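What follows is a set of notes on a single structure, which appears directly below.
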Amino acid sequence: MREFISTMCLGHEIRLLWQPEREEIPDCISQGFVPIEMAEGQESFVDFRCLDHHNAWSHLPSACVTALQYYGTLESPASVMVNHTDADCVLTGLTLMGLLPLNVLEKFNVEVGLLDTDPLGTDVSLLTCGDVIQVWKAGMASLKQSGWSWLYGLQLFLDIFRNGEHYKAVKSRLAEREQERRRVALEDYEKAVRSPSGRVLLVAPSRVYGFDVQLCRQSEFPVESLQGWRHWCVIGQIERSGSVTLSCPNKSVAEGAFGPGGLLNVYPRLPTIGGKTWGGREAVGGSPRGALFPVELLPKVLEIIEGALTFKQEMA
Ligand SMILES: [Mn+2]
Numbered sequence: 534m535r536e537f538i539s540t541m542c543l544g545h546e547i548r549l550l551w552q553p554e555r556e557e558i559p560d561c562i563s564q565g566f567v568p569i570e571m572a573e574g575q576e577s578f579v580d581f582r583c584l585d586h587h588n589a590w591s592h593l594p595s596a597c598v599t600a601l602q603y604y605g606t607l608e609s610p611a612s613v614m615v616n617h618t619d620a621d622c623v624l625t626g627l628t629l630m631g632l633l634p635l636n637v638l639e640k641f642n643v644e645v646g647l648l649d650t651d652p653l654g655t656d657v658s659l660l661t662c663g664d665v666i667q668v669w670k671a672g673m674a675s676l677k678q679s680g681w682s683w684l685y686g687l688q689l690f691l692d693i694f695r696n697g698e699h700y701k702a703v704k705s706r707l708a709e710r711e712q713e714r715r716r717v718a719l720e721d722y723e724k725a726v727r728s729p730s731g732r733v734l735l736v737a738p739s740r741v742y743g744f745d746v747q748l749c750r751q752s753e754f755p756v757e758s759l760q761g762w763r764h765w766c767v768i769g770q771i772e773r774s775g776s777v778t779l780s781c782p783n784k785s786v787a788e789g790a791f792g793p794g795g796l797l798n799v800y801p802r803l804p805t806i807g808g809k810t811w812g813g814r815e816a817v818g819g820s821p822r823g824a825l826f827p828v829e830l831l832p833k834v835l836e837i838i839e840g841a842l843t844f845k846q847e848m849a
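Structure (structure tokens):
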């Protein structure tokens, strides 16, 4: 829902336009509102700064990395236009306003950008500022869709950097939890069943969220290429809910493996439950909503998904 918020941060005036109607976006840009990651479906709205990396701009780096070349150029009042609250989007605004030192952001934005563009292939614990990103994400986990949540995200970034000493305990707690999650994910991976090509993997049960670990990024190859990943689809039987989640590394790998549309080609082939079908997006989806998926059908699911691969290349 559209909101206009006029407020302040570190002495800067901020004029924030949240989720403007699609038809009014071009007008708002000509009035001086800087669009940050304003992708609406298949269309991305940008000004000369090109702060987006979706749709027609998918060849660009993440927005917060592009924003480094416009560091501190948004004078007060800073007029920005946004439609979501994630680390890349908020950090882009922070960078344009120059609210943290450039030498800090030159390192930090690159890492946030890496997580934004390759979330399943980046080990946050290996990043220099991974702890800051983890605290921020934990602190934003219950965010509401509102311009105020974007502004709170801005404040939280500043607070974590400026008052880092207060966050020592929470940082080590989150790091421990992350280490434990990776350990359990790897343990589940070792018990997983592989399809004949090795490209599809059945993790049953899956005790933690672990697709990032289990898909096995091959970092010497590009993130969007089939060679960039050991497995192209992980079938996770989620212990907590009894449902099944399918995860491919990203849309382009899903399409490379299963043809245009990725997993959309796969859902109709999978066994229905009480007439309800599988569904989701190109790279992520799952078993029928709200239904326990019978474990005895899982080998069949593995077989069907292996059979749906349009490009077969056995694992090296
Ligand atoms: Mn982004």
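Residue numbers (the working numbering): 534 to 849.
Don't be surprised by glycine CBs; every beta carbon is placed ideally from N, CA and C.
Please read all numbers here as calculations on a predicted model, not as lab measurements.
- Here the alpha carbons of I693 and S785 stand approximately 35 Å from one another.
- Taking C-beta separations shorter than 7 Å and ignoring five residues to either side along the sequence, the partners of E839 in its chain run S728, P729, S730, V733, following chain order.
- With respect to the C-alpha of S609, the residue from L735, T778, M541, T661 having the closest C-alpha is M541.
- At a Cβ-Cβ threshold of 7 Å, D560 and P568 do not count as neighbours.
- Note on N616: 16 or more other CB atoms within 10 angstroms of its CB, so buried under the neighbour-count rule.
- At the C-beta level, S780 and F744 come within 7 Å of one another.
- The C-beta distance from G812 to Y800 rounds to 6 Å, short enough to fall under 8 Å.
- In the DSSP annotation of this structure, the continuous segment of the alpha helix (DSSP H) that includes L707 starts and ends at 701-723.
- A distance of 7 Å or more separates the beta carbons of I768 and R802.
- A distance criterion of 6 Å places the beta-carbon of A702 beyond contact range of ligand 1, judged by its closest non-hydrogen atom.
- In this model, E644 and L638 are separated by some 10 Å (Cα to Cα).
- A distance filter of 5 Å between CB atoms and the heavy atoms of ligand 1 selects the following residues in sequence order: S595, D621, D649.
- With respect to the C-alpha of M534, the residue from G544, E546, W551 having the closest C-alpha is W551.
- Secondary structure within the region 748-813: the beta strand (DSSP E) runs of 3 or more consecutive residues, fully enclosed, are 766-771, 777-780 (chain order).
- Of the candidates E576, R814, H592, Q678, R814 places its Cα closest to the Cα of T778.
- Bridge partners of L549 according to DSSP: I538, V613.
- The beta-carbon distance between A725 and L759, rounded to whole angstroms, is 19 Å. This is too long to meet the 8 Å contact definition.
- For F578, the uninterrupted beta strand (DSSP E) run begins and ends at 576-578, by DSSP.
- For W669, the closest alpha carbon among the candidates G680, V657, N783 is that of V657.
- Under the DSSP assignment, P738 falls in the beta strand (DSSP E) whose first and last residues are 733-739.
- Residue pairing from DSSP places P568 in a beta bridge opposite M614.
- In this structure, V828 and Q770 form a Cβ contact; the two beta carbons are roughly 7 Å apart against a cut-off of 8 Å.
- Put simply, of G819, S595, A824 the residue whose alpha carbon is nearest the alpha carbon of V834 is G819.
- Note: E573 is bridge-paired with E576 in the DSSP secondary-structure output.
- In the structure shown, R822 falls within a coil segment according to DSSP collapsed to helix, strand and coil.
- Under the three-state reduction of DSSP, R555 is assigned to helix.
- In this structure, D619 keeps its C-beta atom at 7 Å or more from the C-beta atom of S595.
- C-alpha of H592 to C-alpha of C583: approximately 11 Å in a straight line.
- Distances from the CA of L659 to each of P832, L676, S739, R715 were compared; the closest alpha carbon is that of R715.
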